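No gaps in the numbering here: position 17 of the sequence shown is 956 in this note's numbering, and each next residue is one more.
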Amino acid sequence: MIVVAIMSMIGSGSGSMLVNGQSFCHMSKAGLKSCLPSVSGENPVPPTPTCCLAIANADLPCLCQYKDSTLLKSIYGVDPNLAMALPVKCNVVDPSFHC
940 MIVVAIMSMI
950 GSGSGSMLVN
960 GQSFCHMSKA
970 GLKSCLPSVS
980 GENPVPPTPT
990 CCLAIANADL
1000 PCLCQYKDST
1010 LLKSIYGVDP
1020 NLAMALPVKC
1030 NVVDPSFHC
């Protein structure tokens, strides 16, 4: 899931997930953080233009590799279904998109 990968990168800050602390699957840390309110909490908000720009520039197949991660939900509170919906909500991909 897209934001699953996002939150693991933000929370861990690990070198294996961040390339020189700059990006993860072609998303900057700022871009990843901008998507967090749209994929977590009891009342997630629609994705912001900043989040959608980050998603538009992301390597979606790379992010999809993390769609089944359980760490994001348990540690970061990211809803995997909301995360997977971001590319469609941002009109980055066709509504039939699935990882």
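Cβ coordinates follow ideal geometry from the N, Cα and C atoms, glycine included. These numbers come from a predicted model, not from an experiment.
Cutting at 6 angstroms between CB atoms, please list the residues of its own chain near residue i, excluding the five before and the five after it.
i       : result
Gly970  : Ala993
Val1031 : Ile994, Ala995
Val978  : Val942, Val1017, Asp1018, Leu1021, Ala1022
Leu975  : none
Cys1001 : Cys964
Cys991  : Cys1029
On the three-state DSSP scale, how would you describe residue i?
i       : result
Ser1013 : helix
Ser1008 : coil
Ser973  : helix
Please report the distance separating the alpha-carbon of residue i from that of residue j.
i       : j       : result
Pro988  : Asn982  : 18 angstroms
Ser1035 : Ala1024 : 11 angstroms
Ser1013 : Asp1007 : 12 angstroms
Leu1010 : Val1027 : 23 angstroms
Asp1033 : Tyr1005 : 20 angstroms
Within 10 angstroms of its Cβ, does residue i collect 16 or more other Cβ (buried), or is it exposed?
i      : result
Ser973 : buried
Pro986 : buried
Using a Cβ-Cβ cutoff of less than 8 angstroms, which residues in the same chain neighbour residue i once the five nearest sequence positions on both sides are dropped?
i      : result
Ser955 : Its pLDDT being 35, under 50, Ser955 is placed unreliably in this model, and the coordinates cannot settle the point.
Val984 : Pro976, Ser977
Gly911 : For residue 911 there is no data in the structure shown, the boundaries of the chain being 940 and 1038.
Please go through the same chain and pick out, in chain order, the residues whose beta-carbon is closer than 7 angstroms to the beta-carbon of residue i, but skip the five residues on each side of it.
i      : result
Asp998 : Cys964, His965
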